[in-house]
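Student:
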Amino acid sequence: MPARNVWRRATSSLARGAVYGLTAVALIPLGLVLWHTVVNGLPAATHVDFFVNVERPVGIPGAGVAHAIVGSAIMVGIASAVAVPLGVVSGVNLVEFGGGLARAVRLAADVLVGAPSIAIGLFAYVLFVAPFHHFSGMAGALALAILMLPVVIRTTEGAVALIPAGLRESGLALGLPRWRVALQLVLPAAAPGVITGALLAMARAAGETAPLLFTGFGNRFWTVDPTQPMSALPLIVFHDALTPYPSLQQQAWGAALVLVAAMLVINLASRWVVRRQQRFAGQL
Amino acid sequence: MSDLSAFRQPVVQAARPELRAVAGISQNKLRIKELSFYYDRTRALKDLTFDIPERRITAIIGPSGCGKSTLLRVFNRMYDLVPRARAQGSVLFEGEDIVTTRRLLELRQRIGMVFQRPSPFPMSIRDNVAFAPRLLGWGSARVKEAVARSLQAAALWDEVKDRLGDSATSLSGGQLQRLSIARCLAVNPEVILMDEPCSALDPIATLKIEDLMVELARDYTIVIVTHNMQQAARVSDNTAFMLMNQAERCGELIEFAPTHELFNQPRDRRTEDYITGRFG
Ligand SMILES: Nc1ncnc2c1ncn2[C@@H]1O[C@H](COP(=O)(O)OP(=O)(O)OP(=O)(O)O)[C@@H](O)[C@H]1O
Ligand SMILES: [Mg+2]
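Structure, rendered in structure tokens:
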């Protein structure tokens, strides 16, 4: 075998080794975080109490975070109901109609994506809390909606821009109005990307603490009323982890585990949606 | 003026007389007059004047880049999608000028288009055909009737009638092109524009589409752009030959005549050179 070939093989395996090694290094912290969350969270999260009861004073057994799970669901739900339709329509509009307004929206979305979430929280405080003189789940939901909006806009834009022009032209050539072609033909074709974007935005909103600190604020009691202050899983983690009490710290780990599990479910759901949609979108 | 164009109206001869009921003289469906076209500031078409007869197949041939697709896209105003593109002159369609009409949606329904590459909608075969009729607000009985009628007219019905619910992407290239035709027929057009509809198909699928075109020309006016001169000779009644004017870099109409005349006794030297393969 010629020497050059041996040399080539050696470099190749060296390079491959380096790639695998570095990938492993990158995965270590991720694995550690997951491992810690599971190990520390399981003791709390294996009690039924944890999912059906609300917080209790330190030392009293049977505490749970049901109010925070429901609070997170309500706030993220309202946020999605606001941000997803709005974001999808503006994302489609960016591609299909363009123009000056579209450029302004694109710039605003880019700025908003990069904005620190605590700043978004403050902004929401000024708009939705201060005028009403009290914290509320609604204010928290709107803060999360502001957080989600630019993500939904940009992922929708990306997904719609990938649809070949031929599809649009075929629709228009049938005498259909532009907006109907955009919303009823192009958007469904882009659905896998759009839905994934929306789900990822939801996942991000569900994990955020900062925008809720002075909007949803937190609440130790059960409530489903969005005009009242409302708890959320990240808020439980944030508050309880800072206390010196082991039982509350355990509760924080448990809440973190529930959050991670929710992310996993959302991610799996988005994959499933994409796979299902691709059956029809096929070879577009 | 109108006398002149009547004088120029070609003697029509059917390509496949056995498939045509009567090959008589027909009305002009589209009357193109001094049509010029600009993409922003570059001129793509210059002073085209000719008439496209009703219920006949008109072929447009010419070398690449001479403006055949551009011309076709004037007829259903698809060029509106290109920013700063504009047409000058007129194309009369049943007395209304296509270039200036404001009833775009109605125009595109009446003048349908089949593209070179079929774009199946990401839905079932049935929904592909039913899509436009549904959006137009037709009742479900009428939509159902339109689906069956269009698929039959597009010679696709027998192949798909048992799997109307399957995804359209499961069809072959030739079937997809016939699905595009069915989709277009569903909204009851009068004119069908086809831009190289067979260029991606094998000879058998091509032959099927050609038969279909001849069949459809009983009821519809068909304008087809093709690079395949045998195809133009086989299916069309009239042929327009276009060429890029080298001095001005824009497309011109060189000759428009009944197909057999254009291919057998071309009047223009350039036509003869092109069809005998001496350039282009
Ligand atoms: N969207 C556009 N913007 C600017 N110029 C264009 C556009 N589309 C086409 N052109 C130009 O117009 C001229 C005619 O193009 P057209 O596509 O009509 O030619 P064609 O005869 O259909 O060619 P082919 O046989 O290759 O399809 C070409 O010079 C082309 O570069
Ligand atoms: Mg072309």
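Just so you know, the protein sequences line up as chains A and B, in that order. Position 278, counted from 1, in the first sequence is what this note's numbering calls 278; the numbers after and before it change by one each time, with no gaps. Position 28, counted from 1, in the second sequence is what this note's numbering calls 1028; the numbers after and before it change by one each time, with no gaps. Even glycine gets a Cβ: it sits at the ideal position worked out from N, Cα and C.
Quick check on DSSP: helix, strand or coil for residue 219 of chain A?
Tutor: coil
Student: Enumerated in chain order, which unbroken segments of the beta strand (DSSP E) with a length of 3 residues or greater are wholly contained in the region 1107 to 1164 of chain B?
Tutor: Complete beta strand (DSSP E) runs here, min 3: 1111 to 1114.
Student: Given the structure, does residue 1225 of chain B come close to ligand 2, in the sense that its CB is under 8 Å from one of the ligand's heavy atoms?
Tutor: yes
Student: List the residues of chain A whose Cβ lies closer than 9 Å to the Cβ of residue 1132 of chain B, in chain order.
Tutor: Going along chain A in sequence order, the residues near residue 1132 of chain B (Cβ under 9 Å) are 171, 174, 175 and 176.
Student: Shorter than 9 Å from the beta carbon of residue 1106 of chain B to some beta carbon of chain A?
Tutor: yes
Student: For residue 1195 of chain B, which residues does DSSP report across the bridge?
Tutor: B:1225
Student: Can you tell me whether residue 170 of chain A is helix, strand or coil according to DSSP?
Tutor: helix
Student: Excluding sequence positions up to five away, which residues of its chain have a Cβ less than 7 Å from the Cβ of residue 168 of chain A?
Tutor: 181 and 186
Student: Could you name the residues of chain B that residue 102 of chain A contacts, counting a contact when the two beta carbons are closer than 7 Å?
Tutor: Here the premise fails: no neighbours, minimum Cβ distance about 14 Å.
Student: Applying the 10 Å Cβ sphere with the 16-neighbour rule, what's the burial state of residue 1064 of chain B?
Tutor: exposed
Student: Can you tell me which of B:1096, B:1084, B:1113 and B:1078 puts its alpha carbon nearest to the alpha carbon of residue 1033 of chain B?
Tutor: B:1096
Student: Out of curiosity, what's the CA-to-CA distance linking residue 1265 of chain B and residue 1276 of chain B?
Tutor: 12 Å
Student: 9 Å is my cut-off, CB to CB: does residue 1122 of chain B come that close to chain A?
Tutor: yes
Student: Let me see if you follow: with CB-CB separation under 9 Å, is residue 1221 of chain B close to chain A or not?
Tutor: no
Student: Determine the chain A residues that contact residue 1112 of chain B at a beta-carbon separation under 9 Å, and present them in chain order.
Tutor: For residue 1112 of chain B, the C-beta contacts it makes with chain A under 9 Å involve 173, 174 and 175, in order along the chain.
Student: Would you verify that the beta carbon of residue 197 of chain A is, or is not, closer than 9 Å to some beta carbon of chain B?
Tutor: It does not: the Cβ of residue 197 of chain A has no partner Cβ on chain B nearer than 9 Å.
Student: Are the C-beta atoms of residue 85 of chain A and some chain B residue less than 9 Å apart?
Tutor: With its beta carbon at least 9 Å from every one in chain B, residue 85 of chain A lies outside the interface.
Student: Listed from N- to C-terminal order along the chain, which residues in the region 1062 to 1087 of chain B have their beta-carbon within a distance smaller than 8 Å of any beta-carbon of chain A?
Tutor: So the close ones are 1076, 1078 and 1081.
Student: Taking residue 106 of chain A as part of the beta strand (DSSP E), name the residues at either end of that continuous run.
Tutor: In the DSSP annotation of this structure, residue 106 of chain A is not part of any beta strand (DSSP E); the continuous alpha helix (DSSP H) holding it starts and ends at 99 to 114.
Student: With H, G and I counted as helix, E and B as strand and the rest as coil, what does DSSP make of residue 358 of chain A?
Tutor: With chain A represented from 1 up to 284, any question about residue 358 of chain A goes unanswered, as that position is not in the structure.
Student: So the beta strand (DSSP E) residue 245 of chain A belongs to, where does it begin and stop?
Tutor: Run containing residue 245 of chain A: none; DSSP gives neither H nor E here.
Student: Tell me the DSSP secondary structure of residue 1020 of chain B in three-state form.
Tutor: Here residue 1020 of chain B scores only 42 on pLDDT, less than 50, and its place in the model should not be relied on; the value that follows carries that caveat. Judged by DSSP in its simplified three-state form, residue 1020 of chain B adopts coil rather than helix or strand.
Student: What three-state label does DSSP hand residue 96 of chain A in the structure shown?
Tutor: helix
Student: How many Å lie between residue 130 of chain A and residue 1170 of chain B at the Cα?
Tutor: 58 Å
Student: Along the region 1156 to 1184 of chain B, what residues have a CB closer than 9 Å to any CB found in chain A?
Tutor: 1167, 1168, 1169, 1170, 1180, 1183 and 1184
Student: For ligand 3, enumerate in chain order all residues having a CB closer than 5 Å to any of its heavy atoms.
Tutor: Absence of ligand 3 from the depicted structure is noted, with ligand 1 and ligand 2 being the only ligands included.
Student: If we ignore side chains and look at the alpha-carbon of each, how far apart do residue 1146 of chain B and residue 1180 of chain B end up?
Tutor: Inter-residue distance for residue 1146 of chain B and residue 1180 of chain B is about 14 Å (C-alpha atoms, whole angstroms).
Student: With distance defined between alpha-carbon atoms, name the residue in A:75, A:108 and A:112 nearest to residue 235 of chain A.
Tutor: Its Cα nearest to that of residue 235 of chain A, the residue A:75 stands out among A:75, A:108 and A:112.
Student: Using a beta-carbon distance below 9 Å, is residue 1036 of chain B in contact with chain A?
Tutor: no
Student: Between the C-alpha atoms of residue 275 of chain A and residue 221 of chain A, what's the straight-line distance to the nearest angstrom?
Tutor: Straight-line Cα distance between these residues: approximately 41 Å.
Student: Is residue 1269 of chain B helix, strand or coil when you go by DSSP?
Tutor: Helix.
Student: Going by DSSP, which residues form a beta bridge with residue 1066 of chain B?
Tutor: For residue 1066 of chain B, which the question treats as bridged, DSSP gives no partner whatsoever.
Student: I want to see whether chain B comes within less than 9 Å of residue 193 of chain A, judged by CB atoms only; does it?
Tutor: no
Student: Taking 8 Å as the cut-off, is the CB of residue 1177 of chain B close to at least one heavy atom of ligand 2?
Tutor: no
Student: For residue 1198 of chain B, I'd like the list of residues in its chain whose CB is within less than 6 Å of its CB, leaving aside the five on either flank, ordered along the chain.
Tutor: 1206 and 1209
Student: Is the beta carbon of residue 194 of chain A less than 9 Å from the beta carbon of residue 91 of chain A?
Tutor: yes
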